[in-house]
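Order-wise, the sequence lines are chains Y and C. Reminder that position 456 of the first sequence reads as 456 in my numbering, one-by-one numbering, no gaps. So the number in my numbering is just where the residue sits in the second sequence, counting from 1, plus 1000. This report refers to the structure that appears directly beneath it.
2 protein chains.
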Amino acid sequence: MAERAALEELVKLQGERVRGLKQQKASAELIEEEVGKLLKLKAQLGPDESKQKFVLKTPKGTRDYSPRQMAVREKVFDVIIRCFKRHGAEVIDTPVFELKETLMGKYGEDSKLIYDLKDQGGELLSLRYDLTVPFARYLAMNKLTNIKRYHIAKDFDIAGNFDPMIPDAECLKIMCEILSSLQIGDFLVKVNDRRILDGMFAICGVSDSKFRTICSSVDKLDKVSWEEVKNEMVGEKGLAPEVADRIGDYVQQHGGVSLVEQLLQDPKLSQNKQALEGLGDLKLLFEYLTLFGIDDKISFDLSLARGLDYYTGVIYEAVLLQTPAQAGEEPLGVGSVAAGGRYDGLVGMFDPKGRKVPCVGLSIGVERIFSIVEQRLEALEEKVRTTETQVLVASAQKKLLEERLKLVSELWDAGIKAELLYKKNPKLLNQLQYCEEAGIPLVAIIGEQELKDGVIKLRSVTSREEVNVRREDLVEEIKRRTGQPLCIC
Amino acid sequence: MAERAALEELVKLQGERVRGLKQQKASAELIEEEVGKLLKLKAQLGPDESKQKFVLKTPKGTRDYSPRQMAVREKVFDVIIRCFKRHGAEVIDTPVFELKETLMGKYGEDSKLIYDLKDQGGELLSLRYDLTVPFARYLAMNKLTNIKRYHIAKDFDIAGNFDPMIPDAECLKIMCEILSSLQIGDFLVKVNDRRILDGMFAICGVSDSKFRTICSSVDKLDKVSWEEVKNEMVGEKGLAPEVADRIGDYVQQHGGVSLVEQLLQDPKLSQNKQALEGLGDLKLLFEYLTLFGIDDKISFDLSLARGLDYYTGVIYEAVLLQTPAQAGEEPLGVGSVAAGGRYDGLVGMFDPKGRKVPCVGLSIGVERIFSIVEQRLEALEEKVRTTETQVLVASAQKKLLEERLKLVSELWDAGIKAELLYKKNPKLLNQLQYCEEAGIPLVAIIGEQELKDGVIKLRSVTSREEVNVRREDLVEEIKRRTGQPLCIC
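Shown next as structure tokens:
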């Protein structure tokens, strides 16, 4: 094991040397030589040996959660979060790691239990130890002095041996459903197949050992011109210019199922077993996509290559289409918002006997989507409520704190999301202003007279209409007005 | 969510290591030495210096999410998760970090972007880079060959300057609401105040510099006997036996508001300014807790000390009460399931000008609660559904894959949670068995005749009752039968 780790470290180091050399534009021969050394080292590692020595486990002190455990977990979290919301809490989130100095000197004797990240030549980082210190750092950084908050945490995969392309088609359907529901503008899903790419490289005359590195050059075609990609292939990666040109003829094509049909007739490509398999599967995929009604969203794009090593079949990537600039909106820019593909070999790399589990999946680019949605909301100057509070329990006179506490407690116990100001004698005007700012729709006002009559004054914040409701009917009336279904969901 | 769980597990394990060392009676001097080193380091940091030099930021490449951003994030996640569920996906979760060797050799040129954890003398760990490699490791480790899944912390705080004890009382109310809703048995919330503890230590004759370390000895009283705690105080921490005995007389007391009143009359304690403040606040707190109807759940316990340095006022900890062992159930054991307190100084430690933001909060021990809920469910042999699929689209004859794909797509688009078997020609029996195993309540069966008549046969899995439904009425009928409200919530 130690040997392997050492060898692997060497491989990594060598890799870094190679990259360094490349940047210095060192001669292509030298690179070839270094790459050769690397491949030899890699060969020494040998896949079979590693399979026997590899210990399949999670780190000490950590665990996985199975679907059954997660179902329980979700129910538990649901109870907790519903309660936090009932009490008018907002949500915040902070990174998993913090600057080491943020955590230092806060935990007393517990400090020695904090995990530090390896120095990557930048900042000294530690994994967060609790959520309280990051929360305090957040308040100080944002100069916040008032908040009630809670702290809470994207990939879909289908694993199994199934009839071809049915799960793959569902993954694409899911991608389209999500992107449509999010209403972030028109989009296109580019589709290709690793086997078509490999077949194409083979018939164009790329040597096997260069498939992956040429693949990552091709993948840049959505950002830079073909000329630049060709320069990289020829200048940096040592490809013959005529080989690069042959690749260029293919990878600049895109279209629908008709392009699949056309390539199935291509005299060279159709002679390559791998490419033929890939094209056959894509044809079947397009049939299913038509049945799902999403074929108009899909483009077969021979330049789509995807960076990661583990893909083995169909690959896809969703991009937002540049919308004609709307008034008051920054142009969003074209970019990938979801991606995925088939990876039939990855599970086998972990299995001691190399047993394969075919998998296909997708990942949603939530960070990018958040920025887009946020940008849209800002452009529209739309107000976003950060709590779900239905009613503020208020009082019109002084000395009614006890009565407010009793009423808010009754409402919480009945499942109503309610708040009160944490002040002994708040002014009614301040209580109403708080509702306006927080978007709380209702105010339940307690007064001396109302207490005597056994009623509560229920006020609508927007219409300013007030009506006396019998205390025993208050919960039902709030539920009716806020459209909360009778079941708690 | 996952991150915190993993971290908590780690902290727990590390805590066990420390306890293990102690239990092995490894020389107390060694521990003292380590603690001494730590305290020196802390002194070097010095609060004033750190305030001037400290850069208040998150690590490079990370960001915080404000309540507004989180509200957007939640809506986005809601759309995504609702879609995944509509397609019958289960949820799994894996730790934030993996063994370094698990991630090695899977990402090609991206490998250099992986964060490694500092070697803590154990395993070599890296932060996960995506969710696909951990997923593949999970499948191989659990020998799973079939799954459709998706991958996706728990603290509540109120910050701000408010009238005394109102937010503190709400935190305790929240704790009680959550523990009652979870139905994990009877519980008790122990309450104390750091100021009472400090005042008590002062009048008992503990020197200021030993307050914190004596505090952590006292905190062990829920696990070990007073004799053992006393031995630690005297033997390891160098307290005079008579001082320890004086502490013992106080910390072995617990009770309700009457104990607060009694201590307010204590000739020594009532002369200490800090203790008097703490007792006054606790008296007020008990008034509010009575209005919230939870005073019977609260116990003023002078032995409650809480480990972390940052608490400044009221502190609390909820414990489950040993229930009389039920048939078929393992005794659950008494233990903390939620805890928190007031920390008025922590934000000021981060603020360049030392501005204070008073805070009070709570944290739910979700890991412990999960184990308890899981154990209960196992004892009851209760089946837990891991998907929410409402209907399986099936066919009675061969060659109906296209029709199944069309129908399931219609149902997805209408918001119905639906699945189909990824097989060209599945047997009806296999389709029905799948429903039984997965707990899917309905089957929509397509047949040649039904297609001609424009109907779908809708079958209830439990009653085996079948009825023909007009295709245009199918969505409404499924919603009606599965009690899905008309709004999508």
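Think of the CB as a built atom: it goes at the ideal place given N, C-alpha and C, for glycine as much as any other residue.
CB contact below 7 angstroms: residue i versus chain Y
i	result
TYR989 (chain C)	Because residue 989 (chain C) is not part of the residues shown, which for chain C are 1001 to 1489, the question remains open.
TYR1311 (chain C)	no
TYR1115 (chain C)	yes
LYS1423 (chain C)	yes
ARG1141 (chain C)	According to the sequence shown, residue 1141 (chain C) is Met rather than Arg. Taking Cβ atoms only, chain Y reaches closer than 7 angstroms to MET1141 (chain C), which makes this a yes.
LYS1417 (chain C)	no
LYS1427 (chain C)	no
PHE1162 (chain C)	yes
ILE1247 (chain C)	no
LYS1268 (chain C)	no
VAL1357 (chain C)	yes
ASP1198 (chain C)	no
GLU1374 (chain C)	yes
Option nearest residue i by Cα separation, candidates the options
i	options	result
TYR1343 (chain C)	C:ARG1195, C:MET1104, C:GLY1256	C:ARG1195
LEU496 (chain Y)	Y:THR94, Y:LEU302, Y:ASP157, Y:LEU125	Here chain Y comprises residues numbered 1 to 489, so residue 496 (chain Y) is not present and cannot be evaluated.
TYR425 (chain Y)	Y:GLY415, Y:LYS112, Y:ILE446, Y:PRO167	The sequence given here has Asn at residue 425 (chain Y), not Tyr. Closest option to ASN425 (chain Y), Cα to Cα, is Y:ILE446.
GLU101 (chain Y)	Y:SER225, Y:ARG128, Y:VAL91, Y:THR482	Y:ARG128
SER492 (chain Y)	Y:PHE286, Y:GLU403, Y:ARG306, Y:GLN69	Shown here, chain Y extends from 1 to 489; a query on residue 492 (chain Y) therefore has no answer.
THR386 (chain Y)	Y:SER180, Y:LEU380, Y:GLU90	Y:GLU90
PHE97 (chain Y)	Y:VAL133, Y:PHE370, Y:TYR422	Y:VAL133
VAL189 (chain Y)	Y:GLY341, Y:CYS215, Y:GLU367	Y:GLY341
THR94 (chain Y)	C:LYS1060, C:GLU1227, C:TYR1065	C:TYR1065
VAL1443 (chain C)	C:ASP1163, C:VAL1469, C:ASP1453	C:VAL1469
ILE1456 (chain C)	C:VAL1393, C:ALA1318, C:GLN1183, C:ASP1222	C:VAL1393
VAL337 (chain Y)	Y:ARG306, Y:ALA202, Y:VAL319	Y:VAL319
LYS1237 (chain C)	C:VAL1218, C:CYS1435, C:LYS1353, C:ILE1369	C:VAL1218
LEU377 (chain Y)	C:ILE1092, C:ASN1192, C:ALA1071	C:ALA1071
Contact with chain C by residue i, beta-carbon distance below 7 angstroms
i	result
LEU346 (chain Y)	yes
GLY335 (chain Y)	no
GLU450 (chain Y)	no
GLU367 (chain Y)	no
PHE211 (chain Y)	no
ALA159 (chain Y)	yes
THR482 (chain Y)	no
ILE440 (chain Y)	no
ILE92 (chain Y)	yes
Reduced DSSP category for residue i - H, G, I as helix; E, B as strand; rest coil
i	result
ARG459 (chain Y)	strand
ASN430 (chain Y)	helix
LYS1190 (chain C)	strand
ARG342 (chain Y)	strand
ARG1128 (chain C)	coil
VAL475 (chain Y)	helix
SER225 (chain Y)	coil
VAL206 (chain Y)	coil
ASP301 (chain Y)	strand
PRO1047 (chain C)	Note on PRO1047 (chain C): pLDDT 42, under 50, position unreliable in the model; the coordinate value appears next. Of the three classes helix, strand and coil, the one that applies to PRO1047 (chain C) here is helix, per DSSP.
ARG1306 (chain C)	coil
VAL11 (chain Y)	Residue placement at VAL11 (chain Y) is flagged as unreliable, the pLDDT there being 41, under the threshold of 50; the coordinate-derived value follows with that caveat. In the structure shown, VAL11 (chain Y) sits in a helix (DSSP, three-state: H, G or I).
ASP93 (chain Y)	strand
PHE156 (chain Y)	strand
LEU1320 (chain C)	strand
ASP266 (chain Y)	coil
LYS1022 (chain C)	Residue placement at LYS1022 (chain C) cannot be trusted, given a pLDDT of 40 that sits under 50; the coordinates are not used to answer.
ASP1064 (chain C)	coil
Proximal residues of chain D, C-beta to C-beta of residue i below 8 angstroms
i	result
VAL133 (chain Y)	Looking for chain D here will not work: the only protein chains present are Y and C.
Cβ-heavy atom distance, residue i to the ligand GTP, below 6 angstroms
i	result
PRO59 (chain Y)	With respect to the ligand GTP, the structure offers nothing, as it holds no ligand at all.
Closer than 9 angstroms between beta carbons: that is the criterion. Which residues of the segment 59-82 of chain Y meet it against chain C?
Per Cβ criterion, the list reads PRO59, LYS60, GLY61, THR62, ARG63, ASP64, TYR65, SER66, PRO67, ARG68, GLN69, MET70, ALA71, VAL72, ARG73, GLU74, LYS75, VAL76, PHE77, VAL79, ILE80, ILE81, ARG82.
Please name the residues in the segment 284-300 of chain Y whose beta-carbon is closer than 9 angstroms to at least one beta-carbon of chain C, in chain order.
Within the segment 284-300 of chain Y, GLU287, TYR288, LEU291, PHE292, GLY293, ILE294 place their CB atoms closer than 9 angstroms to a CB of chain C, listed in sequence order.
Between the segment 169-187 of chain Y and chain C, which residues of the former have CB atoms less than 8 angstroms from a CB of the latter, in chain order?
Per Cβ criterion, the list reads ALA169, GLU170, LYS173, ILE174, GLU177, ILE178, SER181, LEU182.
Residues of the segment 1382-1398 of chain C whose Cβ lies closer than 9 angstroms to any Cβ of chain Y, in chain order
The residues in question are VAL1384, ARG1385, THR1386, THR1387.
Under 9 angstroms, CB to CB, which of the residues in the segment 1454-1473 of chain C have a partner in chain Y?
Taken residue by residue, none of the segment 1454-1473 of chain C has a beta-carbon sitting less than 9 angstroms from a beta-carbon on chain Y.
Short of 7 angstroms Cβ to Cβ, which residues in the segment 1403-1414 of chain C face chain Y?
Cβ contacts with chain Y: LEU1405, LYS1406, SER1409, TRP1412.
At which residue ranges does the segment 1334-1402 of chain C contain complete alpha helix (DSSP H) runs of 4 or more residues, listed in the order of the chain?
Correct list: 1346-1350, 1366-1379.
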